[in-house]
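Numbering that gives the first Met the number 0 numbers the first residue of the sequence shown as 0 and each following residue consecutively. In this text, a Cβ means the ideal position worked out from N, Cα and C, and glycines have one as well. None of the values given here were measured: they were computed from a predicted structure. Before any comments, here is the structure.
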Amino acid sequence: MALVLVGGAASTGWWWLQQPEGSRAGDERVQRVADAISYPRQRSAAGLHSALLETYQHDSGVRVLQAKDLQQRTPQDEMAELVLHFHQDAWDGYGTGFSWETHRDASDVCYRLVFNNYRGLSERIHCPEDLTPLPVPTPAEPPMPAATCRSGGDNDCPGG
């Protein structure tokens, strides 16, 4: 019985040591980021990258490391992937409000966000060695589909 307990404790410890750095609160924050940039629906990874930079332009700790378009066959399939890097500087001082925190180490946490036509999902990952952010993308296509003219000579359509 003791051998089973020691083996279980050792495997749990090994699993815990292999986990990427981060916290549950950070995971929830990144899921809110994915939700925020999912709507209006973007057409590409560049559109999602632009939406992230526009939405979080004042948050200097968020960086996009990778933005990749994926092959999508159905609306449920993944259409784009972003890899994000969040950096928090070390902090020393007195806690504020109800927090007793007086020290926080600097941290670098990375997430993989995948998007389909309906939403984005986040997963904490180990950070790549190169943390150089991508340059600001060129203007992406508009997020919403362009209006189409109905046949019958609408006044708002070209040649209508």
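Give the DSSP-derived three-state secondary structure of residue i in the structure shown.
i    : result
Q71  : coil
R23  : helix
Q65  : strand
D58  : coil
Q30  : helix
G159 : Bear in mind that a pLDDT of 45 at G159, under 50, signals an unreliable position, so the model cannot answer this.
Which residues does DSSP pair with residue i in a beta bridge?
i    : result
C109 : H84, I124
G119 : F114
A79  : D68, F114
Can you tell me where the alpha helix (DSSP H) with residue i in it begins and where it stops?
i   : result
S49 : 44 to 54
Would you say the beta carbon of residue i is closer than 7 Å to some non-hydrogen atom of the ligand MN?
i   : result
R62 : Here there are no bound small molecules, and the ligand MN is not part of this structure.
Am I right that residue i and residue j are in contact with their C-beta atoms under 8 Å? What's the rounded C-beta distance?
i    : j    : result
L64  : P132 : 6 Å
R123 : G60  : 16 Å between Cβ atoms; not a contact.
A45  : P136 : 4 Å
At least 3 beta-carbon pairs within less than 8 Å: the stretch 28 to 47 vs the stretch 73 to 80: Flag = yes, the stretch 28 to 47 and the stretch 73 to 80 touch.
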